[in-house]
Every structure is written in C-alpha cells, then in structure tokens.
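In what follows, a single structure is set out as structure tokens and then discussed.
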Amino acid sequence: MPPLVVIVGETASGKSALAMELAEKFGGELICADSWTVYKGFDIGTAKPTAAERERVPHHMLDVADPAEGFNAVKFQRLAKQAIADITARGKLPILVGGTGLYIDTILYDYGFLPPTDPTLRAKLNTMELPDLLSRAETMGLDLGGIDLRNKRRVIRLIENNGIRPTKQAMRANTLIIGVRRPLEELRQRIVQRIDMMVEHGFADEVKRLGEQYGWDCEPMRAPGYRAFADYVQGRVTLAAAKERFMLNDLQLAKKQRTWFKRNDSIQWLSDRSKAVDLVTTFLNKTN
RNA sequence: GCAGGGAUGACGGAGUGGUCAAUCGUGCCUGACUGUAAAUCAGGUGGCUUAUGCCUACGGGGGUUCGAAACCCUCUCCCUGCA
Numbered sequence: 006m007p008p009l010v011v012i013v014g015e016t017a018s019g020k021s022a023l024a025m026e027l028a029e030k031f032g033g034e035l036i037c038a039d040s041w042t043v044y045k046g047f048d049i050g051t052a053k054p055t056a057a058e059r060e061r062v063p064h065h066m067l068d069v070a071d072p073a074e075g076f077n078a079v080k081f082q083r084l085a086k087q088a089i090a091d092i093t094a095r096g097k098l099p100i101l102v103g104g105t106g107l108y109i110d111t112i113l114y115d116y117g118f119l120p121p122t123d124p125t126l127r128a129k130l131n132t133m134e135l136p137d138l139l140s141r142a143e144t145m146g147l148d149l150g151g152i153d154l155r156n157k158r159r160v161i162r163l164i165e166n167n168g169i170r171p172t173k174q175a176m177r178a179n180t181l182i183i184g185v186r187r188p189l190e191e192l193r194q195r196i197v198q199r200i201d202m203m204v205e206h207g208f209a210d211e212v213k214r215l216g217e218q219y220g221w222d223c224e225p226m227r228a229p230g231y232r233a234f235a236d237y238v239q240g241r242v243t244l245a246a247a248k249e250r251f252m253l254n255d256l257q258l259a260k261k262q263r264t265w266f267k268r269n270d271s272i273q274w275l276s277d278r279s280k281a282v283d284l285v286t287t288f289l290n291k292t293n
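Note that our numbering has the first sequence beginning at 6, numbered continuously upward.
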C-alpha cells in the first residue's frame with residue numbers, strides 16, 4: 006500500500022494551508038475531500054483554493070461536479086481512488102485533505118458501497134411513514150439489527166438494499182492522519198475574518214450569479230453561507246444578518262466535524278503546526 | 001394626556017386559578033453515522049442535587065386564594081388608536 010497523508014480538521018482550522026505547505030515540502034499533490042468544493046462555480050463561499058494556489062500545487066477533486074446534478078460519497082470515492090493512484094504512479098505523495106468525514110472514511114476504510122438504487126422505489130419509500138417502512142422491512146424478512154430504526158433514511162436504505170449491508174475494511178495501511186485543531190474562540194475569529202474576506206472578494210455577486218444560473222434550490226446552494234447570502238441578495242435580510250448566519254452555519258459544521266473525527270483514534274492531533282513536517286518526515290522514512 | 005394591547009426561560013412563541021420548572025420551534029450541549037453527510041437521526045438543555053426532594057423563576061412591588069405565570073391594585077417599560 007503506497008503512503009498516504011491525510012489532513013483533517015474543522016472548517017477554517019487551517020487544513021488547506023498546512024496541506025499546501027506539506028505538499029510543497031514533500032512533493033505532494035492534494036486531493037480535496039470536501040462535499041462543496043467539488044462543485045463548479047461555487048468558489049468564494051466554499052473557500053475553494055485559488056487559481057494561484059492551484060498553480061503552486063496540483064489539486065484534485067475540485068470542480069468535478071455540476072451544480073445542477075449533485076454529488077455523493079460513492080462518486081467521491083471512485084474519483085479520489087483514481088487520483089491517489091495517479092499521483093502515486095507519478096512518484097508524488099498524495100495528500101488527502103478535507104473536512105467531510107464520510108468522504109475521508111470512504112478512503113480510510115475502503116467502504117464497499119452497494120449498487121445504486123432504483124429512483125422510483127426511492128421516491129415511493131420516501132412517501133411512506135416510518136412504522137409502515139418498518140413493517141415492510143419485517144415482512145421482507147430483513148435483519149434490522151444494528152441500524153437506527155428511528156432514522157427513516159436508514160430504514161429506507163435497508164429496504165432498498167434488500168437487507169444487504171455495505172462493507173468496511175480495516176484502516177488503510179501506510180497512512181498518516183494529521184488533525185488540525187484550534188481553540189474555539191480562535192476558530193470563531195478565523196471564521197469571522199474569512200467571511201469578511203469572502204464578502205470583499207465578491208461573495209454576494211457569486212451567489213447571485215449562481216442562483217440565477219442554477220436555481221436557488223440547487224444542491225450546493227445549501228452549503229453554509231450560500232442560503233443566507235441568497236436571502237441577502239434577494240433582499241430578504243441585511244448583509245450583517247447574512248454574515249451572522251454564515252458564521253453560525255460554520256460553527257455548527259465545526260461541531261459536527263469535531264464529533265465525527267473524535268472517534269478515530271488514529272488521528273494525530275496537532276496544536277502546533279510546525280510539528281507536522283517532522284511527523285511526515287518520520288512517516289515517509291518508515292514507509293519507504 | 002386619554003383609550004386599548006403587551007411584558008414568559010438564550011431567542012421566537014404557547015399557556016388565563018391547581019396535574020407548570022412551564023406545549024412547541026430555534027439556538028446550545030452530547031452522541032450515532034457507508035450512494036443526500038455542511039445530510040439524516042437520537043438524547044439532553046433553571047439551580048442544588050438525584051429524591052414520588054428542595055430552592056429560584058413567567059417585568060418590579062403589593063393583594064385575593066388552601067393554591068396564581070394565570071385574578072385584583074400599583075409602578076416601570078414597549079406598541080397601537082385618539083389627542
């Protein structure tokens with residue numbers, strides 16, 4: 006298994022900057038594990054790496070999805086695996102960086118997804134109530150153990166898959182996982198500053214343009230900040246209110262990310278970023 | 001100044017004599033998490049403490065009552081009409 010460096014952390018924690026630094030130092034290329042930067046056109050509000058940054062270090066998994074269509078973990082896994090293989094084949098170090106825990110885990114644990122489901126069936130199941138879904142699952146003789154029976158979406162998935170469960174492997178070998186962490190107050194300040202910067206760079210205009218082009222209800226318009234700024238550019242709320250909302254969205258996201266990453270004890274949390282270089286050096290020496 | 005309406009927990013907003021520490025929503029805290037994942041779902045959210053317990057709370061003060069967030073008086077502030 007070729008070496009892989011993974012960088013995780015909360016939004017605005019400084020993951021990308023660290024990833025850039027490591028990539029330049031170790032001859033790496035970045036694979037962005039972020040469920041919003043995959044979308045074309047959604048640049049400013051998603052804090053997508055700039056053209057200049059991409060010039061310095063190759064980035065993968067950006068702009069691979071059409072806003073009108075949508076994206077998911079399976080597509081991510083497929084493309085990311087390919088990217089990792091390509092980077093490795095070129096003799097470069099793949100660095101997987103991002104805050105979308107599920108996407109990261111599809112690589113770390115090589116999730117075995119099941120075949121796609123029939124949209125017609127999905128639509129039908131979605132109209133049913135939870136108790137009916139449960140009795141249907143029982144009638145089908147499905148094993149209900151281990152899944153959250155109060156979460157409708159999970160029960161639907163079980164029915165769609167005919168009771169077959171997706172698989173998961175042991176954690177990928179030769180993988181260094183670095184976690185970037187900051188005190189909450191510092192993180193909040195960084196979020197606020199980043200939002201101000203986005204606004205300066207024309208975030209409102211971007212939202213307006215994208216809303217008009219892809220519709221206000223397209224998938225990535227649900228990304229933090231976009232909804233709030235959609236309200237702003239359509240005159241429903243003030244700029245200050247939209248920024249406040251954006252900040253809260255980011256903080257909520259950060260909380261979810263914290264919860265997700267907390268359960269992975271293989272993550273080496275760094276409060277001092279300068280130690281990252283040593284970590285990677287040691288890691289590469291060990292694996293090569 | 002006169003008449004009317006209103007002040008409820010972080011916020012919005014129910015509740016008009018007891019079963020109200022107070023419906024619900026939001027926020028917040030904690031957790032789950034495999035084709036929507038920034039999603040979806042679960043639990044918690046006055047204090048002390050873990051007891052069918054006590055204390056503090058529904059703008060301030062006083063009163064009626066066995067008992068009030070709820071009724072009466074009064075004060076303060078806000079809104080609406082008339083001046």
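We put the beta carbon where it would ideally sit given N, CA and C, even for glycine.
This one's a predicted model, so the numbers in the text were calculated from it and none came from an experiment.
TODO: For the region 144 to 218, list the alpha helix (DSSP H) runs that are entirely contained and at least 4 residues long, ordered along the chain.
DONE: 157 to 165 and 189 to 205
- [ ] Note down, in chain order, each residue of its chain lying with its Cβ closer than 8 angstroms to the Cβ of Arg195, except the 5 sequence neighbours on either side.
- [x] Ala17, Ser18, Gly19 and Arg187
Task: Outcome for Lys267 when other beta-carbon atoms lying within 10 angstroms are tallied against a minimum of 16 - done: exposed
Open item on the list: Here's a check: name, in chain order, each residue in its chain whose Cβ is nearer than 8 angstroms to the Cβ of Asp148, leaving out the five neighbours to either side.
Closed with: Gly168
Open item on the list: I need the straight-line Cα distance from Glu217 to Pro7, nearest angstrom please.
Closed with: 44 angstroms
- [ ] Flag this pair as yes or no: are the beta carbons of Lys45 and Pro63 separated by less than 8 angstroms?
- [x] no
Task: Residue range of the unbroken alpha helix (DSSP H) whose run includes Val285 - done: Lys280 to Thr292
Task: Member of Asp137, Phe234 and Glu15 whose CA lies at the smallest distance from the CA of Gly50 - done: Phe234
TODO: Compare the beta carbon distance of Leu9 and Leu101 with 8 angstroms and say whether it is the shorter of the two.
DONE: yes
- [ ] Within its chain, find whatever has a CB closer than 7 angstroms to the CB of Gly32; leave out the 5 residues flanking it on each side and keep chain order.
- [x] Lys97 and Leu98
Open item on the list: If the criterion is Cβ atoms closer than 8 angstroms, does the pair Lys248 and Ile200 meet it?
Closed with: yes
Task: Glu24 versus Leu275: straight-line alpha-carbon distance, rounded - done: First, the residue type needs correcting, since residue 24 is Ala and not Glu in the sequence shown. When rounded, the distance between both Cα atoms is 13 angstroms.
Open item on the list: Tell me the rounded alpha-carbon separation between Pro136 and Ala128.
Closed with: 17 angstroms
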